[in-house]
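Q:
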Amino acid sequence: MRHWTLNWYLFRSYLRNFVSTMFAISALIYVINMIEVSRRGQLNDFGFGTVALFSALQVPAFVEQALPFIVLFSSIFVLLSLNRRLELVVARAAGVSIWQILMPFLAGSLLIGVFATFVLNPSAAWTTEAALQYNNRLTGESGNNNDPDKFTWLRQNSHGVKSIIGGAAVGGDGFTLRNVSAFVMGDDGKVRERIDAPRAVLGKGHWTLEKPRVTRIGYTPEFPQEYRLPTTLKPQYIQQRIADPQSVPIWDLPSKIGIAQSLGLNAMAFSMQLQTLIARPALFIAMTLLAATVATRFSRTGQSGRTIASGVLAGFMLYVVTFLAKALGSNSIVPPVAAAWFPVLGAGLFGVTVLLHQEDG
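Numbered as in the numbering used here, the sequence shown ends at 370 without a single skipped number.
1) Below 6 Å CB to CB, which residues in the same chain sit around GLN367 once its five sequence neighbours on both sides are set aside?
2) Between GLY338 and SER256, what straight-line distance do the alpha-carbon atoms span, to the nearest angstrom?
3) Quickly, what does DSSP pair LEU211 with across the bridge? List them, please.
4) For SER35, which option in ASN16, LEU66 and TRP13 has the closest C-alpha, if you only look at C-alpha atoms?
5) Please report the residue range of the alpha helix (DSSP H) in which LEU457 lies.
6) How would you call SER264, buried or exposed, if buried means at least 16 neighbouring beta carbons within 10 angstroms?
7) Quick one: what does DSSP say PRO233 is sitting in, helix, strand or coil?
8) In the region 115-141, which residue ranges form an unbroken beta strand (DSSP E) of at least 3 residues, counting only runs that do not cross its ends?
9) Rounded to whole angstroms, what's the CA-CA distance from GLU150 to LEU211? Just pull it up for me.
10) Secondary structure at ARG1, three-state DSSP: helix, strand or coil?
11) Whole-angstrom Cβ separation of THR126 and ILE259, contact assumed at under 8 Å?
12) Quick check: the Cα distance between LEU19 and PRO254, rounded to an integer number of angstroms?
13) Suppose only complete runs of 4+ residues qualify. What are the alpha helix (DSSP H) ranges in the region 278-345, listed by chain order?
14) Report buried or exposed for TRP216, applying the criterion of at least 16 other Cβ atoms within 10 angstroms of its Cβ.
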């Protein structure tokens with residue numbers, strides 16, 4: 010009963026600190042993002058409410074990326090607070106081991122990781138898609154100025170018309186492209202005309218580009234209501250080529266991997282994203298163990314800054330290694346399972362080793 014009371018107290022303190030830290034960082038992200046959206050001026054004509062709503066829809070995706078550091082900071086702050094109030098010293102003097110003290114923190118990190126993987130990730134994907142649709146609906150043709158280097162380009166040849174079409178984003182399960190540019194080739198292989206449009210809809214054997222700007226060499230641009238471009242592309246192929254794995258909810262990733270493999274495309278990026286999300290609870294546990302290596306030792310007044318800096322540096326190094334491993338796994342250099350789990354397990358074993366040395370010498 011004594012250990013249950015202590016465990017519940019530590020677990021509750023950790024979760025309360027995590028929630029308050031997450032809300033504080035979310036509010037900071039929201040304000041910064043709203044300032045950035047206002048600075049770009051793309052939505053300013055629609056009023057403050059529109060800018061505020063658009064910025065709010067983007068917050069979950071940013072928070073999802075920041076969660077590892079939120080877990081790290083929460084663990085460090087709670088352990089330092091317990092140390093400062095001598096609660097850890099009293100618990101250790103009463104015969105409670107460091108592992109018994111950390112168990113509520115590790116359980117909390119596991120719970121947060123499961124929540125982030127299966128609740129926050131799908132929510133962030135949905136709000137990101139909603140923000141993109143909201144922006145396109147309001148701005149209309151203003152999205153045509155995107156950098157073409159960021160497009161995904163698709164070659165197509167249908168009914169004797171050879172063309173290349175590119176889009177900045179895909180939606181509608183592969184039936185729509187947003188911020189579209191297309192190039193129609195002549196018989197000599199040179200570009201005959203260019204079409205820019207805010208949206209293209211895939212129909213039966215053709216793309217319908219809405220409100221396009223059609224440019225031909227030697228002629229002034231034309232602005233018809235729509236432009237039909239022949240194609241033989243399928244929506245599944247389009248979605249696999251253009252979709253960003255990070256924008257796909259975890260529930261849809263297995264089907265995306267199967268579709269990519271059936272189409273002969275590289276599915277490693279989707280596999281890597283799936284393994285990264287599955288390993289997220291373990292990553293949060295590793296972050297907590299790294300925090301414990303620098304925050305469970307009794308520190309004198311004035312040493313908290315050094316402790317926090319050490320913990321942040323260790324967490325940042327783990328984040329960088331995880332990011333590099335993800336890049337290697339996405340490009341088929343390392344198997345996705347190894348790329349997702351090796352840095353997390355390595356950091357966890359490092360934390361356990363340091364704690365064992367601190368505990369038993």
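The beta carbon of each residue, even a glycine, is placed where N, CA and C say it ideally should be.
A: According to the structure data:
1) none
2) 18 Å
3) TRP216
4) LEU66
5) Beyond the ends of the chain as shown, which are 10 and 370, falls residue 457; an answer cannot be given.
6) exposed
7) coil
8) none
9) Bear in mind that the predicted position of GLU150 carries a pLDDT of just 42, short of 50, making it too unreliable to give a figure here.
10) Because the chain spans 10 through 370 in this model, residue 1 falls outside it and cannot be assessed.
11) 6 Å
12) 37 Å
13) 289-304 and 313-339
14) buried
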